[in-house]
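Per the UniProt record's numbering: the sequence shown = residues 1 to 152. Below you'll find the structure, written out as structure tokens, and then a few comments.
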Amino acid sequence: MRKIQLASKNILNQYLVEGRDLTVEYKIFNIGASAALDVALRDEEVKWDRIAPASNVTHVVVVKPLQYGYFNFSSGVVSYKETEGAAESTFGYTSAPGEGGIVNSKDFDRKFSPHVLDWSVFAVMTLPSLVIPFLLFYRSKSRYDQPKPKKN
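Rendered as structure tokens:
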């Protein structure tokens, strides 16, 4: 009886950034009626002795991109034997996430950092344009603002 396996490869990160962790998840599903034996994932050379029928395995890899630019995330190769004494392995492929853009770390920080220093400098530079007119107004107001005499 022929086993049917499904395999997927997914990138779990929302943003792919140069020099930061990139998480790749592999899932292999055995939807056949019997166990798949000597299962190997060729992308990372990971092996399992067997995958029981109607079950799955998940493998997560964390890598760090060293350069920015576009990268083609190709499919991984999965091999397995259908019976214990089988001489040849059956091969299959995972889904391919496709091409992904890895962002330069400086561009990512420029876009997503809180910019505390920038906002602090902005506040200090706008302070004189707010404080000086207020002080002039307050001094003028206090000079011409006479308290009213109390009536008994």
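Yeah, the Cβ is synthetic: ideal placement off N, Cα and C, and Gly gets one too.
Bridge partner(s) assigned by DSSP for residue i
| i | result |
| --- | --- |
| V78 | L41 and G92 |
| F55 | Checking the sequence shown, residue 55 turns out to be Ser, not Phe. According to DSSP, which records beta bridges pairwise, S55 is partnered with N30. |
| K47 | A40 |
| Y70 | G101 |
| V17 | V103 |
Residues near residue i in its chain [Cβ-Cβ closer than 7 Å; skip 5 each side]
| i | result |
| --- | --- |
| I51 | I28, N30, A35, A36, V39 and V57 |
| T94 | A7, S8, K9, Y26, S75, G76 and V78 |
| G92 | Q5, A7 and V78 |
| S55 | N30 |
| A86 | none |
| W48 | V39 and V57 |
Helix, strand or coil at residue i [DSSP, three-state]
| i | result |
| --- | --- |
| K9 | strand |
| Y26 | strand |
| A123 | helix |
| K64 | coil |
| R110 | helix |
| I4 | coil |
| R139 | helix |
| D118 | helix |
| Y144 | helix |
| P149 | coil |
Distance between beta carbons of residue j and residue i, contact taken as under 8 Å
| i | j | result |
| --- | --- | --- |
| G98 | F73 | 6 Å |
Cβ neighbours of residue i in the same chain (closer than 6 Å, five flanking residues each side left out)
| i | result |
| --- | --- |
| K148 | none |
| D43 | G76 |
| V46 | H59 |
Same chain, Cβ closer than 8 Å to residue i, neighbours up to 5 away in sequence not counted
| i | result |
| --- | --- |
| S105 | V17, E18, G19, R20 and Y68 |
| F134 | none |
(message) Closer than 8 Å is the cut-off here; do at least three beta carbon pairs connect the segment 108–120 with the segment 75–82?
(response) no
(request) Taking 8 Å as the threshold, find out whether the segment 60–70 comes into contact with the segment 16–24 through three or more Cβ pairs. (result) yes
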